[in-house]
Amino acid sequence: MLKLTRYLKGYGLITVIAPLLKLLEALFELAIPLIVRHIADVLIPAGDMKGVYLWGGAMLGLGAAGFTLAIISQYLAAHSSLGYGTNLRRDLYRHVNRFGYAELDKFGTASLITRITDDIRQTQIGVSQFIRLVLRAPFILIGAIVMAIILDPVSGLIFIGVSIAIGTALYFIMRRSGKFYRVIQQQLDGVALLTRENLTGTRVVRAFSRQDEENADFTKAAGKLAKTGEKAGVISSLLNPLTYVLINIAVLAILFLGGSAVNSGDLARGDILALVNYLSQILLALVVFANLLITFSKAGASARRINEVLETEPILRFPEESEGLAVDSGQWTVDSKADEGGADCKTVGVAVPGDPQLKSNTRSGGSPGTATPTKTSSPSPLTPKISLRSVSFAYPGDAEDDLSDISFDLHPGQTLGVIGSTGSGKTTLVNLICRFYDARDGRIEIDRRDIKSYPKDTLSALIGVVPQSAVLFYGSVRENMQLGKADASDTEIWEALRTAQSEDFIKALPQGLDTVIFQGGKNLSGGQRQRLTVARALVKNPEILILDDASSALDYATDAALRKALRSRQFSVGSFQLLEDDSLTKNEKRKTHDAAAKPQKYTGRIFLTKAGSKATRENVGGDFEQQLVGVDLQIDPKTTPKADGSICKSTPTDNNAPHPSIIPNSSFLIPNSPPSPLTVIMVSQRAASLKGADLILVLEDGKCAGLGTYAELREGCEIFKEICVSQEGGSTKNEK
Amino acid sequence: MKSPYKKLSSLPQNESETPDKAAMPSKKVFRRIVGYMRPHLWLMLFALLLTMGQVAATLAVPAFIGRALDALAGEGGVETAKLLASIGVLGALTAAVFVCQWLSSIFQNRISFYTVRDVRIDAFKKLNRVPIAYIDSHQNGDIMSRISNDAEQVSDGLIQGFTQLFTGVVTAAGTIVFMLMLNVPIAVVVIIITPLSLTVAWGLAKITYTLHRKRAEKLGELCGLCEEYLGNQKVVKAFNYEAEAEKRFNVLNLGLKKFWLKSMFVSSLTNPVTRLLNAIVYAVVAVMGALAVIEANAAVAAGTAAAAAFTIGSLSAMLAYAHQYAKPFNEITGVVTELQSAFAAARRVFSVIDAEEESGEAGMAELKDVKGAVSAQGVAFSYSPEKPLIKNFNIAVFPGQKIAIVGPTGCGKTTLINLLMRFYDVQKGVIAVDETDIKAVTRGSLRRNYGMVLQETWLFEGTVHDNIAYGKSDATRDEVIAAARQARCNGFIKRLPEGYDTMITSDGANLSHGQKQLICIARIMLTLPAMLILDEATSSIDTRTEKRVQTAFSRIMQGRTSFIIAHRLSTIQDADAILVMNDGDIIETGTHTELLAAGGFYANLYHSQNLYT
């Protein structure tokens, strides 16, 4: 509880002033018995009626003054306790937001929600009661004891004794009931959980006609809660009667001892009257206090639960934003300095030894053509976008590794396919690359930098992820699309929707982007939801797109169209080396050289192919159209000479036109403006969906069972073969 | 600030939820609560009786303290016998108060906890009887808040409030009697002035009530937001949306603060106001009492009275009574505010309990010995009137047939499942099983005859075993294992830390999507109903496992009518009929071969798959 007092920050003055006002009010109240004593001992025996009126007036004055003070302190109390509650709610929510997956798993959502709402409410009530009422009790208590000692030291001792007795009783009762309240809160969590499960699983519950059992479970949980409450009640109900008894014992003692004191003339009757009055003031104060203690033990239990959350530090830590690191991640820099070393430049298509599917292009390592400077002398400018180095991981509590010794390099613009059985670690891999968990062993790098060194924002801006379960939030389509990029324009959104094959159905909605999506996207079909989640990731315009089985709810045609559209995105933002294409006619070649001969500002379409792949009819086969995608791109004239005739003008949109012109032996750099090409990681169940991938990782029980291209794996990887066969339709049923 | 969490008027049904229309008369709410307390009637009466005893004893105490004070006349004038007698009586009274008060609050506490329990249980049970549309159109967080927070407030407020009210009335009545016995004029003044506090309190309470309701609404919205974002925190994280979510949270949080501040301040005003009135009463009693003592003493001195009619002891008792008389009036304001927020909470809980149920099934037949003939005639359905979905749907399925439903996403496939299972009722036309209108049999018996596996998996917090045995809770471990084997999940379950006894956390976080789906399939493998509905049941499962699961499925599908929604057309080629849907209607029907030959939509779809895959 005390640990949470820091949330009263900013209300410090108020929290001091309010009790001070209460103190004054208490002093006024303590004066009353003295006035009554004066009336009883002096004024009445003297028959001083005027004096009685005068002192009666004084009592009224004290009452009015107390009233004013009380109003002010009530306001201050409300103000500061709500300030406290609001701040705490804000901070707790913010803290929970910092939680990684591990912490979320640990607490569970239902429990976190109760803590943010209900538990904070309890402590907030605690604070307000504390300021308003609890401080009054000690003031009155101490004040009354002081008064008693002044009136009669012996009675003062009785006062002290009874206060200690009451204090002890309160302490023990509180401790016992506090324990109960913690249990009650836990059981309340359980009740909330059952409700939540019933709501989310209502279809399954009904499908199995399990309503009665669900009801029975809930009845049991609610019954248990009631039972605990009843038990707690036995203890906490003791508070009031016990304080009453203790106070009355003190009254009796004072009357008894007072008897002889009055008889001997040591005390006057008015003194006894005042003492009894003080005791009843103590009683009243303590009754309030005791009741508040119940509130308090609840608040204490809640405070502990809040602290438990606040004290849980996320295991994952992100470095703060730091200048040097943030910028160069995957940005394309101007190529004019390429000759001097190329450190700032990235060209693609330069093969890296050990990267199997690039091997075929190794001869282009020296980048033929005058345009490309001596890349070989400088550190290889070809940085893998993502590289994993013997990454292993196990979820907490799991005996065996869920992912072990995974390594691969993925270059900008490439696509990695991930395939494997259910539970083979595909999603785990995604979680690690997104840094939702930290790998236990090994290293994950993006742009040659350990992902642990990325500030959260930077990393998150780099990666767009489409999670397995298609979750949308309550709000308009537009708001949902802006989830990862708050200022995304409608144009950007529509473009993403188009890529994600959602343009048509969103357009068909009466309110278009303003259509409200219900909580959890309940008013959309599974496939629609999934496509929207893809669009949502694209709106972010990430450099790496991760699709975690994001097309499971899509029919094949939509899936294929989606992949095609994605691929065009991948290319449109990339820069590529175009290699010798034997299939080009001389005529075409000439045409392109002609074009380059007259340097001018070319606005037209250039054809780009993926990094490192050799664009020939042979290797792209029937998929030629998909491999080569036309893009509108402006090339600054200044760069054209370097390109050495590498730019061609053509009109690819026309299907009847000859296939795109490819410039032999040329590579060129695209200046700054386009970001690095979209690198894609695609987890899929369908081997065929991964045909176009540059690299496929086959997982089996968390281990790498194969890494290579579709064709390579189809030959060399048993598991992959098996997967493919299982998917090739009914006709292959009897093959094995 | 307009909150995005306002209920939309366009949401289906339950517009009665909007606060303006929610006004269930307080009397009715009270009667409902009393109804819930009925089982505890005797206990309640006993508790009230004890309370009366406690009040009586408490009230007698000041009289005897006064008597003891009178025994202390002054130096040398103490009447020891009278003093000791009073002390003895006081001791006995104190003991009586202790016993009565303790017992009665134990009883009240018990009653209140059990009443909440019953309210909660009723609300929960209701959730299992409302149309699915109700649950689809309400925020889970809001319903949860009603069942946990509001129900609690009902007990805190109504029951405790009621007994407090009762105690107050008894105390007030008792004090009036005692005061009148001591001194009529002073008593009359006290009796008249004190209730003034009530007028003020009522006024304040009225304002508080509206504020309380607003506050509870705002809290509900905040709960809703938490439920939505925290419930999907992983998406929030993936999109780095935390800051934005916090912003939204803070908007609601600050809005909540505004109302809460007002309601807290206004309701806390009642205390000082009543204290002020008490101070006035106290001063008046002190002055009038003192004057009365002086007068009485003068009368004794003048010899007109043998003994003083009003002594200092009487004055002390009078002051104590004035205090005690005021207490219920002080408390009543608190009680009223409490009661009112409890009423508001009760309304919210009762609006769940009173939600319209699915149409009654009393006397309806059970659907038994199902052969599996399913037909639909002229079926029309839409979720909202302005967006017609299924317009005229007709099929006739023979027992044991395998029916595949294909079509682009959003064409109404899942809606069809909703209708077959009667999660939603058709708006026009008839769906029949074995030529019985499914509206004419109980929903339970209909649904039990279907085995359903949905794309969206649902697991609850419990062991793997319990999750698999969901449809057959008395299944033995061997049966469960056999089902798991068929669903191809025995392998990974065995590898879990505690095998079949491993606890699955509430959101199934420790399992992958595909694993969850396999467990859901195992459920069906265990129950083996007459008809099957597989809505993308294997979409998250890898194809190798899927292949094996499919084999198991086709084995159990022998002789069972099955409806299959699948994207992989290869898995449905052997279907007896394939329904091709688009925009809610069937556009083509036939077998795979027929449809291919027809060269229509299906053929296109099929070729596109083969082309792209």
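Chains as they are written, first to last, in my numbering: chain A, 1 to 736; chain B, 737 to 1349. Glycine is no exception: its CB is placed at the ideal position from the N, C-alpha and C atoms. Remember, predicted model here, so these are calculated numbers, not experimental data.
Just the chain A side, please: which residues come within less than 8 Å of residue i by C-beta, in chain order?
| i | result |
| --- | --- |
| residue 1341 of chain B | 555, 556 and 557 |
| residue 811 of chain B | 262, 263, 264 and 265 |
| residue 1184 of chain B | 208 and 209 |
| residue 868 of chain B | 202, 203 and 206 |
Go ahead and label residue i buried or exposed: buried means 16 or more other beta carbons lie within 10 angstroms of its beta carbon, across all protein chains shown.
| i | result |
| --- | --- |
| residue 1102 of chain B | exposed |
| residue 507 of chain A | exposed |
| residue 487 of chain A | exposed |
| residue 824 of chain B | exposed |
| residue 1129 of chain B | buried |
| residue 996 of chain B | buried |
| residue 172 of chain A | exposed |
| residue 4 of chain A | buried |
| residue 920 of chain B | exposed |
| residue 396 of chain A | exposed |
| residue 838 of chain B | buried |
| residue 761 of chain B | exposed |
| residue 777 of chain B | exposed |
| residue 908 of chain B | buried |
Measure how close the beta-carbons of residue i and residue j come, nearest whole angstrom, since I'm counting them as under 8 Å.
| i | j | result |
| --- | --- | --- |
| residue 1052 of chain B | residue 802 of chain B | 5 Å |
| residue 891 of chain B | residue 848 of chain B | 4 Å |
| residue 1271 of chain B | residue 1150 of chain B | 6 Å |
Can you name the residues of chain A whose CB is closer than 7 Å to the CB of residue i?
| i | result |
| --- | --- |
| residue 964 of chain B | 473, 474 and 519 |
| residue 1303 of chain B | 554, 555 and 556 |
| residue 875 of chain B | 519 |
| residue 816 of chain B | 259 |
| residue 880 of chain B | 192, 195 and 196 |
| residue 846 of chain B | 230 and 233 |
Whole angstroms is fine: what's the gap from residue i's alpha carbon to residue j's?
| i | j | result |
| --- | --- | --- |
| residue 462 of chain A | residue 1223 of chain B | 39 Å |
| residue 54 of chain A | residue 940 of chain B | 33 Å |
| residue 457 of chain A | residue 120 of chain A | 30 Å |
| residue 991 of chain B | residue 82 of chain A | 12 Å |
| residue 833 of chain B | residue 250 of chain A | 16 Å |
| residue 1029 of chain B | residue 1040 of chain B | 14 Å |
| residue 500 of chain A | residue 864 of chain B | 37 Å |
| residue 1037 of chain B | residue 47 of chain A | 12 Å |
| residue 1108 of chain B | residue 1255 of chain B | 25 Å |
| residue 871 of chain B | residue 877 of chain B | 11 Å |
| residue 1246 of chain B | residue 21 of chain A | 55 Å |
| residue 809 of chain B | residue 258 of chain A | 11 Å |
| residue 1230 of chain B | residue 1269 of chain B | 28 Å |
| residue 142 of chain A | residue 955 of chain B | 40 Å |
| residue 455 of chain A | residue 225 of chain A | 45 Å |
Which bits of chain B does residue i rub up against, with CB to CB less than 7 Å?
| i | result |
| --- | --- |
| residue 742 of chain A | No information on residue 742 of chain A is available, as it lies outside the stretch 1 to 736 that chain A covers here. |
| residue 49 of chain A | 1027 and 1030 |
| residue 222 of chain A | 853, 856 and 857 |
| residue 214 of chain A | 864 |
| residue 118 of chain A | 885 |
Name the chain B residues that come within less than 9 Å of residue i, Cβ to Cβ?
| i | result |
| --- | --- |
| residue 434 of chain A | 973 and 974 |
Applying a beta-carbon distance threshold of less than 9 Å, which residues of chain A neighbour residue i?
| i | result |
| --- | --- |
| residue 1249 of chain B | 422, 427, 468, 469, 548, 549 and 552 |
Quick check: the segment 921-933 of chain B against the segment 1014-1034 of chain B, are there 3 or more CB pairs under 8 Å? Verdict: yes, contact present.
Are the segment 490-497 of chain A and the segment 1111-1126 of chain B touching, with three or more C-beta to C-beta distances below 8 Å? Not touching, per the Cβ criterion.
When you compare the segment 387-404 of chain A with the segment 431-448 of chain A, are there three or more beta-carbon pairs, one atom per stretch, that lie closer than 8 Å? Flag = yes, the segment 387-404 of chain A and the segment 431-448 of chain A touch.
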